[in-house]
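Q: In our numbering, the protein residues as written are 11 to 390.
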Ligand code: AMP
């Protein structure tokens with residue numbers, strides 16, 4: 011457990027906004043940063059000392075990349091298991107490749123959770139139409155059909171109301187392995203972002219309330235307005251999941267809070283998460299610093315909030331439709347913090363940045379989130 015001290019080099023797999031914010035923290039703390047991804051001039055590459063451009067499937071390039079750094083971590087979990095294993099032979103990889111293997115595949119992830127006794131959305135594996143019909147008979151309608159692997163932000167999934175719709179959706183997913191889930195009519199969605207150190211230390215952020223638009227995170231409010239016992243239960247589950255996975259780093263557990271007040275895990279992400287961006291401006295230690303501390307075998311930081319309430323509004327490419335948004339108008343509120351990711355092209359649905367909000371009451375932060383959306387023309 012030798013700590014990897016500032017001055018050392020962090021290797022990051024993936025070079026999007028999560029990598030960028032991780033790289034910014036790493037630089038602040040005096041680390042050097044190399045990023046690995048197929049994309050040149052990437053959000054993280056703009057901040058890194060070295061932007062290593064290669065395909066995620068290129069094992070030799072990944073080994074070469076690893077040989078130039080002191081520890082490898084990630085901002086993106088869809089790295090092939092074999093590539094992660096190859097990296098691990100060269101340098102410590104945190105979280106370990108097995109964590110990726112489990113969490114990059116919805117079916118493996120849900121099976122792991124179910125076998126571990128964690129509460130998870132009822133699901134069935136579906137590889138053909140006969141299994142699809144049997145799964146519908148067991149789970150009932152409506153339900154949600156998803157590809158088994160490599161999905162995010164609602165991509166590769168469809169809500170189906172009838173057996174015919176399910177058959178059509180299965181064909182159009184174009185996969186020979188899918189997962190059928192019961193449709194959960196939830197009261198709200200919450201998440202817990204937490205860090206776990208090499209020594210087993212565990213530090214959670216408060217559970218937060220997430221609302222989505224078109225399957226993409228829209229607003230996060232912290233802390234989630236839920237009973238204290240439910241918040242504790244969510245944090246305990248996150249701790250249990252990280253321990254069962256032997257996950258070192260930051261992990262996010264996304265939950266549904268059902269209409270009868272129970273928690274069901276929807277998804278895991280073994281990395282900093284969009285629903286943890288508010289921590290940058292509202293916590294003693296943010297999720298990116300926590301990831302660095304964990305993967306460098308340094309003590310974890312305190313995750314308490316500097317203010318009673320906080321929030322985040324995601325900025326998607328849609329708001330560039332009529333030119334550059336009016337940032338000056340937005341920043342008339344001196345408590346708002348603008349974060350932009352350095353992406354040249356503002357495509358519809360593309361995550362371009364976010365606005366963080368701090369405040370003294372839930373109503374103040376929720377009100378400001380609405381105002382941010384009004385000023386920027388984000389549909390409510
Ligand atoms: P995912 O990509 O699986 O996280 O799904 C994206 C969003 O779709 C979730 O945050 C939910 O809002 C919704 N969703 C996914 N699965 C279900 C489900 N089984 N029941 C109800 N809504 C779901």
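Just so you know, even glycine gets a beta-carbon here, dropped at the ideal spot from N, CA and C.
Using the DSSP secondary-structure output, state which residues sit across from residue 276 in a beta bridge.
A: As a position in the chain shown, residue 276 is number 266, starting the count at 1. DSSP, once it has assigned bridges, lists no residue as partnering residue 276.
Q: Using the Cα positions of residue 254 and residue 385, report the straight-line distance between them to the nearest angstrom.
A: In the chain shown, counting from the first residue as 1, residue 254 sits at position 244. In the chain shown, counting from the first residue as 1, residue 385 sits at position 375. The alpha-carbon atoms of residue 254 and residue 385 are separated by roughly 44 Å.
Q: How about residue 260 and residue 287: are their beta carbons less than 9 Å apart?
A: For the purposes of this step, residue 260 is taken as residue 250 along the chain shown, with counting starting at 1. For the purposes of this step, residue 287 is taken as residue 277 along the chain shown, with counting starting at 1. In this structure, residue 287 does not lie closer than 9 Å to residue 260 by Cβ.
Q: Could you check if residue 264 belongs to the surroundings of the ligand AMP, using beta carbon to heavy atom distance under 8 Å?
A: Reading the chain shown from its first residue, position 254 is the one you call residue 264. Yes - the ligand AMP has a heavy atom lying nearer than 8 Å to the Cβ of residue 264.
Q: For the ligand AMP, is there any heavy atom lying closer than 8 Å to the beta carbon of residue 236?
A: Counting from one through the chain shown, the residue named residue 236 turns up at place 226. No, the beta carbon of residue 236 sits no closer than 8 Å to any heavy atom of the ligand AMP.
Q: Under 9 Å, do residue 226 and residue 361 count as touching if we go by C-beta distance?
A: For this step, residue 226 is matched to residue 216 along the chain shown. For this step, residue 361 is matched to residue 351 along the chain shown. It is a contact, given that the beta carbons lie within the stated cut-off.
Q: Quick one: which unbroken alpha helix (DSSP H) runs of 4-plus residues sit fully inside the segment 210–291? Chain order, please.
A: Whole alpha helix (DSSP H) segments, 4+ residues: 238–255.
Q: Less than 9 Å between the beta carbons of residue 326 and residue 382, yes or no?
A: Counting from one through the chain shown, the residue named residue 326 turns up at place 316. Counting from one through the chain shown, the residue named residue 382 turns up at place 372. Taking 9 Å as the Cβ cut-off, residue 326 and residue 382 do not qualify as a contacting pair.
Q: Between residue 126 and residue 235, what straight-line distance do the alpha-carbon atoms span, to the nearest angstrom?
A: Here residue 126 corresponds to residue number 116 of the chain shown, with the count starting at 1. Here residue 235 corresponds to residue number 225 of the chain shown, with the count starting at 1. In a straight line, the C-alpha of residue 126 is about 28 Å away from that of residue 235.
Q: For residue 211, does the count of other Cβ atoms within 10 angstroms reach 16, so buried, or fall short, so exposed?
A: Looking up residue 211 in the chain shown gives position 201. Residue 211 should be labelled exposed.
Q: Which residues does DSSP pair with residue 61 in a beta bridge?
A: As a working mapping, residue 61 is identified with position 51 in the chain shown. In the DSSP output, where bridge partners are listed per residue, residue 61 has 45.
Q: Are the segment 76–95 and the segment 369–379 touching by the rule of at least three beta carbon pairs closer than 8 Å?
A: Touching, no.
Q: Where DSSP assigns a beta bridge to residue 115, which residues make up the other side?
A: By 1-based counting over the chain shown, the position of residue 115 is 105. DSSP output for residue 115 lists 159 as bridge partner(s).
Q: Measuring only the C-alpha atoms, how far is residue 144 from residue 196?
A: If you number the chain shown from 1, residue 144 lands on position 134. If you number the chain shown from 1, residue 196 lands on position 186. Approximately 25 Å between the Cα atoms of the pair.
Q: Would you call residue 390 buried or exposed, if buried means 16 or more other Cβ atoms sit within 10 Å of its Cβ?
A: Working through the chain shown from its first residue, we reach residue 390 at position 380. Counting Cβ neighbours within 10 Å, residue 390 comes out exposed, since fewer than 16 surround it.
Q: To the nearest angstrom, how far is it from the Cα of residue 36 to the Cα of residue 178?
A: For this step, residue 36 is matched to residue 26 along the chain shown. For this step, residue 178 is matched to residue 168 along the chain shown. Approximately 47 Å, taken between the alpha carbons.
Q: Is there at least one non-hydrogen atom of the ligand AMP closer than 8 Å to the beta-carbon of residue 97?
A: Taking the first residue of the chain shown as 1, we reach residue 97 at position 87. False, no ligand heavy atom lies under 8 Å from that Cβ.
Q: Compare the C-alpha of residue 25 against each of 252, 370, 43, 114 and name the closest.
A: Within the chain shown, the letter at position 15 stands for residue 25. Cα-wise, what sits closest to residue 25 is 43.
Q: For residue 13, count the other beta carbons within 10 Å of its own beta carbon; 16 or more makes it buried, fewer makes it exposed. Which is it?
A: Walking along the chain shown from the start, residue 13 turns up at place 3. So residue 13 ends up on the exposed side.
Q: Figure out for me which residue from 209, 168, 18 has the closest Cα to the Cα of residue 191.
A: Here residue 191 refers to the residue found at position 181 of the chain shown. If we check each option's Cα against that of residue 191, 168 comes out closest.
Q: Count the CB pairs spanning the segment 80–95 and the segment 124–138 that are closer than 8 Å, and state whether there are at least three.
A: Output reads no: the segment 124–138 does not touch the segment 80–95.
Q: Does the beta-carbon distance from residue 380 to residue 365 come in below 9 Å?
A: Numbered from its first residue, the chain shown carries residue 380 at position 370. Numbered from its first residue, the chain shown carries residue 365 at position 355. No.
Q: Is it buried or exposed for residue 21, if we count other Cβ within 10 angstroms and need 16 for buried?
A: On the chain shown, residue 21 is found 11 positions in, with the first residue counted as 1. Counting Cβ neighbours within 10 Å, residue 21 comes out buried, since at least 16 surround it.
Q: Tell me which residues share the same chain as residue 47 and place their Cβ nearer than 6 Å to its Cβ, disregarding the 5 neighbours each side in the sequence.
A: On the chain shown, residue 47 is found 37 positions in, with the first residue counted as 1. If we look at residue 47 and ignore the five residues flanking it on each side, its Cβ neighbours are 24, 25.
Q: Given this structure, state the Cα-to-Cα distance separating residue 189 from residue 151, to the nearest angstrom.
A: As a working note, residue 189 is residue 179 in the chain shown. As a working note, residue 151 is residue 141 in the chain shown. Between residue 189 and residue 151, the C-alpha separation is close to 14 Å.
Q: Sort 214, 207, 199 by Cα distance to residue 223 and report the nearest one.
A: Here residue 223 refers to the residue found at position 213 when the chain shown is read from its first residue. Among 214, 207, 199, the Cα nearest to that of residue 223 belongs to 199.
Q: Identify every run of the alpha helix (DSSP H) within the segment 325–386, keeping only runs that are complete inside it and at least 4 residues long; order them along the chain.
A: For the segment 325–386, whole alpha helix (DSSP H) runs of length 4 or above, ordered along the chain, are 337–340, 372–386.
Q: Mind checking which residues open and close the beta strand (DSSP E) that includes residue 188?
A: As a first step, residue 188 must be located in the chain shown, where it is residue number 178. Start and end: 188–192.
Q: What are the boundary residues of the beta strand (DSSP E) that includes residue 196?
A: Working through the chain shown from its first residue, we reach residue 196 at position 186. Looking at the DSSP string, the run of the beta strand (DSSP E) that includes residue 196 is 196–206.
Q: Kindly list the residues whose CB is nearer than 7 Å to the CB of residue 257, restricted to its own chain and excluding five residues on each side of it in sequence; keep chain order.
A: To locate residue 257, count along the chain shown from 1; it is residue 247. Result list for residue 257: 105, 109, 206, 280, in chain order.
Q: In chain order, what residues of the same chain have a beta carbon less than 6 Å from the beta carbon of residue 29, not counting five sequence neighbours either side?
A: Counting from one through the chain shown, the residue named residue 29 turns up at place 19. Answer for residue 29: 22, 45, 54, 85, listed in chain order.
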